[in-house]
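S.K.: If you're matching them up, the sequences are chains A, B, C, D, E and F in order. The UniProt record's numbering puts the first residue of the first sequence at 1, with every later residue one more than the last. The UniProt record's numbering puts the first residue of the second sequence at 1, with every later residue one more than the last. The UniProt record's numbering puts the first residue of the third sequence at 1, with every later residue one more than the last. The UniProt record's numbering puts the first residue of the fourth sequence at 1, with every later residue one more than the last. The UniProt record's numbering puts the first residue of the fifth sequence at 1, with every later residue one more than the last. The UniProt record's numbering puts the first residue of the sixth sequence at 1, with every later residue one more than the last. Glycine included, C-beta positions come from ideal geometry on N, C-alpha and C. Fair warning: this is a prediction, and the values are worked out from it, not measured in the lab. Here it is, the structure, as structure tokens.
Number of protein chains: 6
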Amino acid sequence: MPILKAAIIGGGHIADQNHIPALKSLPERVELIAVCSRDILKARALADKHAIPLAFDNAAEMFESENKPDMIINCTANNLHYPFTMQALENNCHVLCEKPPAMNAAQALEMADLAKERGKVLAYNFQLRHTPEYSLLKRFLENGRLGEVYHIKANFLRRRGIPSWGNFTNKSIQGGGALMDLGVHVLDLALGLLDYSEPDRLIANTYDFIGKAGGKGLMGSWDPEKFEVEDACFAHLSFPNNASITLSASFALNTKMQKNVNLEVFGTKAGAVLNPFSVFSEVDGELLDMEFPHLEEADIQLKNTIAFLNACDGKSSNICDATQGAILQKIVEAIYKSAEK
Amino acid sequence: MPILKAAIIGGGHIADQNHIPALKSLPERVELIAVCSRDILKARALADKHAIPLAFDNAAEMFESENKPDMIINCTANNLHYPFTMQALENNCHVLCEKPPAMNAAQALEMADLAKERGKVLAYNFQLRHTPEYSLLKRFLENGRLGEVYHIKANFLRRRGIPSWGNFTNKSIQGGGALMDLGVHVLDLALGLLDYSEPDRLIANTYDFIGKAGGKGLMGSWDPEKFEVEDACFAHLSFPNNASITLSASFALNTKMQKNVNLEVFGTKAGAVLNPFSVFSEVDGELLDMEFPHLEEADIQLKNTIAFLNACDGKSSNICDATQGAILQKIVEAIYKSAEK
Amino acid sequence: MPILKAAIIGGGHIADQNHIPALKSLPERVELIAVCSRDILKARALADKHAIPLAFDNAAEMFESENKPDMIINCTANNLHYPFTMQALENNCHVLCEKPPAMNAAQALEMADLAKERGKVLAYNFQLRHTPEYSLLKRFLENGRLGEVYHIKANFLRRRGIPSWGNFTNKSIQGGGALMDLGVHVLDLALGLLDYSEPDRLIANTYDFIGKAGGKGLMGSWDPEKFEVEDACFAHLSFPNNASITLSASFALNTKMQKNVNLEVFGTKAGAVLNPFSVFSEVDGELLDMEFPHLEEADIQLKNTIAFLNACDGKSSNICDATQGAILQKIVEAIYKSAEK
Amino acid sequence: MPILKAAIIGGGHIADQNHIPALKSLPERVELIAVCSRDILKARALADKHAIPLAFDNAAEMFESENKPDMIINCTANNLHYPFTMQALENNCHVLCEKPPAMNAAQALEMADLAKERGKVLAYNFQLRHTPEYSLLKRFLENGRLGEVYHIKANFLRRRGIPSWGNFTNKSIQGGGALMDLGVHVLDLALGLLDYSEPDRLIANTYDFIGKAGGKGLMGSWDPEKFEVEDACFAHLSFPNNASITLSASFALNTKMQKNVNLEVFGTKAGAVLNPFSVFSEVDGELLDMEFPHLEEADIQLKNTIAFLNACDGKSSNICDATQGAILQKIVEAIYKSAEK
Amino acid sequence: MPILKAAIIGGGHIADQNHIPALKSLPERVELIAVCSRDILKARALADKHAIPLAFDNAAEMFESENKPDMIINCTANNLHYPFTMQALENNCHVLCEKPPAMNAAQALEMADLAKERGKVLAYNFQLRHTPEYSLLKRFLENGRLGEVYHIKANFLRRRGIPSWGNFTNKSIQGGGALMDLGVHVLDLALGLLDYSEPDRLIANTYDFIGKAGGKGLMGSWDPEKFEVEDACFAHLSFPNNASITLSASFALNTKMQKNVNLEVFGTKAGAVLNPFSVFSEVDGELLDMEFPHLEEADIQLKNTIAFLNACDGKSSNICDATQGAILQKIVEAIYKSAEK
Amino acid sequence: MPILKAAIIGGGHIADQNHIPALKSLPERVELIAVCSRDILKARALADKHAIPLAFDNAAEMFESENKPDMIINCTANNLHYPFTMQALENNCHVLCEKPPAMNAAQALEMADLAKERGKVLAYNFQLRHTPEYSLLKRFLENGRLGEVYHIKANFLRRRGIPSWGNFTNKSIQGGGALMDLGVHVLDLALGLLDYSEPDRLIANTYDFIGKAGGKGLMGSWDPEKFEVEDACFAHLSFPNNASITLSASFALNTKMQKNVNLEVFGTKAGAVLNPFSVFSEVDGELLDMEFPHLEEADIQLKNTIAFLNACDGKSSNICDATQGAILQKIVEAIYKSAEK
């Protein structure tokens, strides 16, 4: 297999801490050749820090340069996922794009279509798929230990976790709040247990009481005046096969735990909780609780990067691909629409 | 105040263990004069056990007797709530009827209309309203400590709790399963926090996988062949003021706890969990968890009986009255309809 | 099936509290007709208390009486297990004899031979076989979930539990101490997992330091001067198929727990602990701990009495029969012999 | 006292991490002059890393060199303990040899004889003797607080701890499995409480089911095809004074804890558990549990190295000397022989 | 020994529940012949309930009757301890008087003087002296295990425990509040560890904030208007040998525990906490925590009654005698005086 | 605001680890220009380590140098607090002096008078005032949530914490023991809740049993021969408004916890415990326990340094100023005097 040439677009924290270290640890598969950021100083600093040869402040220039990348990691703000991903695909690059896929369903669909047309891999960085707990949950599902899954409660709840950095409360840049930033993670996990099918019915409510009122911040202090997104979102999704998902996401909610990221999965043969992974079932005529005393920690970004590279090499792998991303974005849009009613 | 003459219709366990002891402990307010049951031997035995003078196997006869009752406790099967309550109202009796109100919304509405017409009190026996935890929750709400409540998760979940006695799995007698028998309790509690307003949107799913497949029973063994109702129900209700409720009820579900009856309440100023009652809020700039080390146990049936008697005496009191019962039954019907789609 | 006529020999606590209530609760299968005790007043009092028609102070007289018993419950002291059981068998009675089977291996063998010759059921009252934990352990073993069991640690340990009543420290009456009274229970359970095969090698040590020195008593105070038996016994048994058992029993031992009755079972596929019942294994490539949140309590004496009656009716059932009792007594004797070296 | 010149034979992990740091921290007592390893590059690298002047790939050469060592640390594989220790003693060096002493009893005896003949110290590196818990246990024993110790349960159990590195599953190099590698540690501790007397009776069983079947590895994955040693060993030892030891060791066993290294010690006055150190006894007529809230952590390798150096200086010290090592190896051999029956 | 004839003065709860059952269980030592209460109906009812022959409403009459008592149990209100005890002593009766001894120091001294003069036993019913924890604490002290005790923290604290029955908030009847009713118990225990010596210095503060403000009552609701005593008392006592006691008592205090009755004892060799009894010391050079896994429950009233009877029989016994009672009352008075400053 | 020039007097651990890092992190407010220590080598080394330009072994010289400091951090031994602080004030420097203020009340008063006379800030380094728990406690007090505080238990207890370094057991250098070194911290906190008023009555006892007897040391081993101070101090303080404090401090005490630094505060509306911060009160008619799930850790030295600098800038700030320090030292002296009686 040839070594792919990779470039980073977007010079923020997630590039520095997650994507670049993952790529750098795979020198036999990928070579990091460039960083591109609106701010050339930032691009240069990041490139220098990680010994990456090139720095750009203009993506077009990068794509036209001699040492053109084969793949792009799109780490830009949500509202730039669409333009830079489209530009990369048009330049025949594979793209690993940060989540959420896009600002709306139409963009995500267009991105999926172009990826298909160009025969390139487009994937979204839902790295929670690679936790040992979710991997084991999937194995249980695939081995038939859960029977058929018919209801899932998917939660990504923070008590006071509105980030004070970045643009997390700015609707025109982020496209949304708790659902767009947090809820999509557990929605992706839940859909992954239902063959990523599309719901035929859904209902949702969103709120912004705490965000707009202000309060104690556990991820820095936010400005209630500039809070434009939902701080909490609750939705119920029903699927053609009658399975259902209850989705709850919050930046701020008056609840006990500071952070609660979890799935509760109910199957015909057994139920499961993701964290800590445990299974509730019957055996030999008695109720059974299963616990797993030794699940190894995993570098979930590294595992997702490898899954993406495997896809680029034409292998099947566990990524959120362009098609799934479009379905997820369509659901997100439907949730927001339902909540407006 | 005159002492009311009371009669029991339906000679089962709930009459014997709950209603009769409560009434007997209030001799200054009520006199138990008769028991009526289809089976005269059962009626007689119950009457003898509790030193009640009269026993009937025919309600009409009872209403026509000289020593006519002023109030009726309707402890019959769900499908008999409507006919006996109607008959009692027509005979100008107050009625305390077991939950759920009726088999469908039309019946409950009719019952409410007749009660109004006759100027009699009709109430449903939702006694969980009188737990010290719910009473304190209401005080917190009324004193403004929660702010405005905008989302409630209401759960009445059993892991393997399909009763093997009675008719709990028979649809034509019960009208439904986990929702009709268990879910209505927490739905009543949740609605009580939202001024018993009616949802303008809802969606629901119901299931019967475990009930129809069979398994370990913790409330006796049930016959999967005769399981005709839902073993689990999940619904999302949205209200005109944008508040929402997530309702979950089960007779059987692959979950950790054997029994989980709880509300999680999210308000603009504070959130609360019902059991054990605790509140999550902020004070003096810090996150605050409130716990209550000494809540006295209450005889909730006695409290509900007293509330009903107070209503009969024309005092305002915390009962689920005929109007609320009709709203609740309407929601239940809507949930079942949504689940059929 | 005809109703068996039963008589009790030995009028002590275990007859009064365990055997008679169990028999009395099975009127459709057994009729208690007589109590026999050396002390006629005691026999009479016990008979009166439980409404049993006849009382004897002479077993021979009882066997010769008109209303002769079909079965005997032998509740006498250890040194009388042999003579009364032999007498009962000779009189063509089935016998349920208290544990241990006898004072030595020769007696137990003779008892087994006579039972066989007469075609009568002789069983020993090892009622711990019927705990829900052991029943589930057996089901796991039979369903292959443990694989092949190759090592068992069997413990019946008390920190300071030398009974101050009865004859527990008198060797000529009891035949031994902690092993004879307590260890035999868990030895029976362990052998039950190994097809009750006989060990081909064993080694043991017994001690009486604390018994002879005296100390705090948690089951009354004992007299160190009259302490003639072992207060602790440790043995290792090796079986022809290379399985092994480590057996530990104590009346008194300087250990943390007041009482510790347990098996640890090690199989090729899984291991198990009896109390609380839990299983340690692997599933889907991960280590698995299994717990059982709802095991119902059982009336283990009643279950053993029923098992005995089933055997009398010619059905196969889970009892410690005469053959097993002889094997167990042979092992006990071999342990004491090894400890003398 | 003169400073001893020390050389390391065997350039593996235990030399690098344990022995060299301990020796290096004692410059006033010992000077590390050489490393000897079959692989000269490895020897050189280790010497350079720790600033040790000389590196050899031939022990004979080292002993003949001008700057000849006074003492040897033998960190080689089990099957090389004998030849290199013999060679070192013949060259008049003191030897601190890794455990187990040798491949069999004859070797260990020969080593002890030669050490005696040459007047040199030969000790085995059983460093668990120096944990604060065992030191305190010994003080309790010596101060008479336990009375006479008559039974010990000694466990070194791993659930899935077959090392994937080194030669731990190779019988011709290791001489054995769980007993040889792990069990010897707790056997040494237990013997140390019984004046290192020799058992006059013993019985044992060994198993290799899990090792040969494969499974989840917590210390890397092992190859079941190449698993030649026992994965579990259970033995009972009886001593001339009637004391007894139950020894359990495993590389792999279906048990709850990942790792369980412990002694339970039963004495006439008190019992003790090693980890966490606690004592069970009586005081002023009541049962007493003793706990020790502050035991300082110890560098157990450093303490054993100092003990060895003290012995070289002719002082009495707490080491496993050549005589004890020979006794221990004799027991190990007897256990394996018993298990073959 | 002759059987003593006993009479009860004061027909309340403590007579009915504590003293009479204790006396009745000792028929070989004491015969209950009379009950005396201001209310003859109450006296009669209590006498009948317990099969006591005589009932009086006039103590003088009782003392003049033919069947005159030898001993009196004085169960009257605090302000009647003095007159009835004096009258009983004048009639040559032994007296077991409820605590506190009297309303003030002068009364208690006079009572002690008269008892001495008449040669009769006067004791106060401080039954907490007989808990197994305090008994063991005393044994530890006497056996020298604590060394010299130099500081004691004595607490009897209730969070919201103002009794709504009796006269607990009435100063003219009770003489005081939390100190008089609760604090005296732990003061007696603490003094018992210091040879009941008298403090040469003390300082105290008392409060009545919560009692006068009202609040949640856990022992019924009290009337803040009628709250005349202290709800909390804190004092420091210093003794001639430089030992010291910190005493804290409360009916109502904003503290975590509902009830906290405890001593913390600091000695030169060891410290102890009373509940649960534990000792903190050193052994063999390490810090030691001692716990006692099996302290039997005791009937502390029965034990105190026996101790009183032993004293009447001229045996030494662990009672709070007249002299100690006078010292205690003197300290209580000094505390109240100090608090007034 | 001008940048203040600061100098350190006393080159020990507390200067190196606490004060210099705090000052260095505030370059916009303060410039560290000199270190002064009796030992010029120590002064030089510390100055070099932290890049401080000047080093002196003579304070007079420093004050006369050209680059004269504006403020002094006095980190000397207790007996030097007075002379160096006086010298600094005379040289018109602000002074942040380590605790305790001085050796006796007279010194502290003189220091306060001179500070006032020169118009300079003198503060003592009681940094525990800035823990998030105490800050929140103060906010609760100020917001009226506790009502009026009337009793405080203030503890700084170590089980075996006599420092083996420094001069902690030397009376002529330290002025005292557990009270002087530890107790003053919690006394300062307690006084801070009572408007730093002066007690009008107090009583105390001090002890040195363990210090003089020796024992296990958890902060190194101390020499009992050289132990000249109290190892424990217990005092009761009563204030003009009737509030009271119970103060307990120990270097060594036979108690369970190794270290126990805490306040229990009792107010008319609520009580509080400092660590972990929790509040006990009533709400809506029920008992309430308040917990605070997220208190951020604070750099308490930095916060106290900033508070001192703010005071130098004329702003009000939370420091223990010269007046408060004099009150505290007066109380300490009174405690020692009381204990001598």
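Where does the unbroken beta strand (DSSP E) through residue 299 (chain A) begin, and where does it stop?
M.R.: Stepping through the first sequence from its first residue, residue 299 (chain A) is reached at position 299. Taken as a continuous stretch (DSSP letters only), residue 299 (chain A) belongs to no beta strand (DSSP E), as it is neither H nor E.
S.K.: What are the start and end residues of the beta strand (DSSP E) that includes residue 294 (chain B)?
M.R.: Stepping through the second sequence from its first residue, residue 294 (chain B) is reached at position 294. Counting along the chain, residue 294 (chain B) falls outside any beta strand (DSSP E), and DSSP gives it neither H nor E.
S.K.: Between residue 274 (chain E) and residue 288 (chain E), how many whole angstroms is the CB-CB distance? I'm expecting something under 8 Å.
M.R.: As a first step, residue 274 (chain E) is located in the fifth sequence; it is residue number 274 there, counting from the start. As a first step, residue 288 (chain E) is located in the fifth sequence; it is residue number 288 there, counting from the start. Contact doesn't hold; Cβ gap of about 18 Å is too wide.
S.K.: Can you pull the chain A neighbours of residue 218 (chain D), defined as C-beta to C-beta under 8 Å?
M.R.: Residue mapping note: residue 218 (chain D) aligns to position 218 of the fourth sequence, counting from 1. Simply 294.
S.K.: With DSSP as the reference, label residue 81 (chain E) as helix, strand or coil.
M.R.: As a first step, residue 81 (chain E) must be located in the fifth sequence, where it is residue number 81. Three-state DSSP puts residue 81 (chain E) in a helix.
S.K.: Within 10 angstroms of its Cβ, does residue 17 (chain B) collect 16 or more other Cβ (buried), or is it exposed?
M.R.: Translated into the one-based positions of the second sequence, residue 17 (chain B) becomes position 17. Residue 17 (chain B) should be labelled exposed.
S.K.: Is there contact here, the segment 289-306 of chain F with the segment 128-138 of chain F, by at least three beta-carbon pairs under 8 Å?
M.R.: Because the criterion of three Cβ pairs below 8 Å is met, the segment 289-306 of chain F and the segment 128-138 of chain F touch.
S.K.: Should residue 195 (chain B) go down as buried or exposed, given a rule of 16 or more other Cβ atoms within 10 Å for buried?
M.R.: Residue mapping note: residue 195 (chain B) aligns to position 195 of the second sequence, counting from 1. Per the 10 Å Cβ criterion, exposed.
S.K.: Along the chain, where does the alpha helix (DSSP H) containing residue 189 (chain A) start, and where does it finish?
M.R.: Within the first sequence, the letter at position 189 stands for residue 189 (chain A). Segment 184-192, the alpha helix (DSSP H) holding residue 189 (chain A).
S.K.: If we count Cβ pairs, one from each stretch, closer than 8 Å, do we get three or more for the segment 158-178 of chain D versus the segment 226-236 of chain D?
M.R.: A contact exists between the segment 158-178 of chain D and the segment 226-236 of chain D.
S.K.: Could you tell me the distance, in whole angstroms, from the CA atom of residue 217 (chain F) to the CA atom of residue 222 (chain A)?
M.R.: Translated into positions along the sixth sequence, residue 217 (chain F) becomes position 217. Translated into positions along the first sequence, residue 222 (chain A) becomes position 222. Cα to Cα, residue 217 (chain F) sits roughly 49 Å from residue 222 (chain A).
S.K.: Just confirm the distance between the C-beta atoms of residue 253 (chain A) and residue 157 (chain A), as a whole number of angstroms; I'd bet it's less than 8 Å.
M.R.: Here residue 253 (chain A) is taken as the residue at index 253 of the first sequence, counted from 1. Here residue 157 (chain A) is taken as the residue at index 157 of the first sequence, counted from 1. Their Cβ separation, rounded to whole angstroms, is 6 Å, which keeps residue 253 (chain A) and residue 157 (chain A) in contact under 8 Å.
S.K.: For residue 34 (chain F), tell me which candidate among F:340, F:137, F:56 has the shortest Cα-Cα distance.
M.R.: Your numbering for residue 34 (chain F) matches position 34 in the sixth sequence. Among F:340, F:137, F:56, the Cα nearest to that of residue 34 (chain F) belongs to F:56.
S.K.: Under 8 Å by Cβ, that's how I've got residue 89 (chain F) and residue 105 (chain F) pegged, so tell me the actual separation to the nearest angstrom.
M.R.: Within the sixth sequence, the letter at position 89 stands for residue 89 (chain F). Within the sixth sequence, the letter at position 105 stands for residue 105 (chain F). Not quite, the Cβ-Cβ distance comes to about 18 Å (not below 8 Å), so this is no contact.
S.K.: So, helix, strand or coil for residue 3 (chain E), using DSSP?
M.R.: Position 3 of the fifth sequence, counted from the start, is the residue given in the question as residue 3 (chain E). Here residue 3 (chain E) sits in coil by DSSP.
S.K.: Who are the near neighbours of residue 324 (chain E) in its chain, counting only those whose CB is closer than 6 Å to its CB and skipping five residues on each side?
M.R.: As a first step, residue 324 (chain E) is located in the fifth sequence; it is residue number 324 there, counting from the start. Counting only Cβ-Cβ distances below 6 Å, and skipping sequence neighbours, we find 196.
S.K.: Taking just the CA atoms, how far does residue 52 (chain D) sit from residue 211 (chain F)?
M.R.: Stepping through the sixth sequence from its first residue, residue 211 (chain F) is reached at position 211. Stepping through the fourth sequence from its first residue, residue 52 (chain D) is reached at position 52. Using only the alpha carbons, I get a separation of about 47 Å.
S.K.: Can you pull the chain B residues whose beta carbon is under 7 Å from the beta carbon of residue 270 (chain A), in chain order?
M.R.: The residue given as residue 270 (chain A) occupies position 270 in the first sequence. Residues of chain B passing the Cβ test: 254.
S.K.: From which residue to which residue does the beta strand (DSSP E) around residue 31 (chain B) run?
M.R.: Along the second sequence, one-based indexing puts residue 31 (chain B) at 31. Unbroken beta strand (DSSP E) run through residue 31 (chain B): 30-36.
S.K.: Checking the sheet assignment: what are the DSSP bridge partners for residue 267 (chain C)?
M.R.: Along the third sequence, one-based indexing puts residue 267 (chain C) at 267. C:149, per the DSSP bridge assignment.
S.K.: As a quick exercise: from E:339, E:39, E:32, pick the residue whose alpha carbon is nearest that of residue 11 (chain E).
M.R.: One-based indexing of the fifth sequence puts residue 11 (chain E) at position 11. That would be E:39, whose Cα lies nearest to the Cα of residue 11 (chain E).
S.K.: Please decide whether residue 223 (chain B) counts as near chain A, where near means a Cβ-Cβ distance under 8 Å.
M.R.: By one-based count along the second sequence, residue 223 (chain B) stands at place 223. Answer no: the Cβ-Cβ gap between residue 223 (chain B) and chain A never drops below 8 Å.
S.K.: Give, in chain order, every residue of the segment 194-205 of chain B whose Cβ lies closer than 7 Å to some Cβ of chain F.
M.R.: The residues in question: there are none.
S.K.: Does residue 347 (chain E) come out as helix, strand or coil in the three-state DSSP assignment?
M.R.: Residue 347 (chain E) falls outside the range modelled here, since chain E spans only 1 to 341, and no answer is possible.
S.K.: So residue 62 (chain A) is in the alpha helix (DSSP H); what residue range does that whole segment cover?
M.R.: Taking the first sequence and counting its residues from 1, one reaches residue 62 (chain A) at position 62. From DSSP, the alpha helix (DSSP H) with residue 62 (chain A) extends over 59-64.
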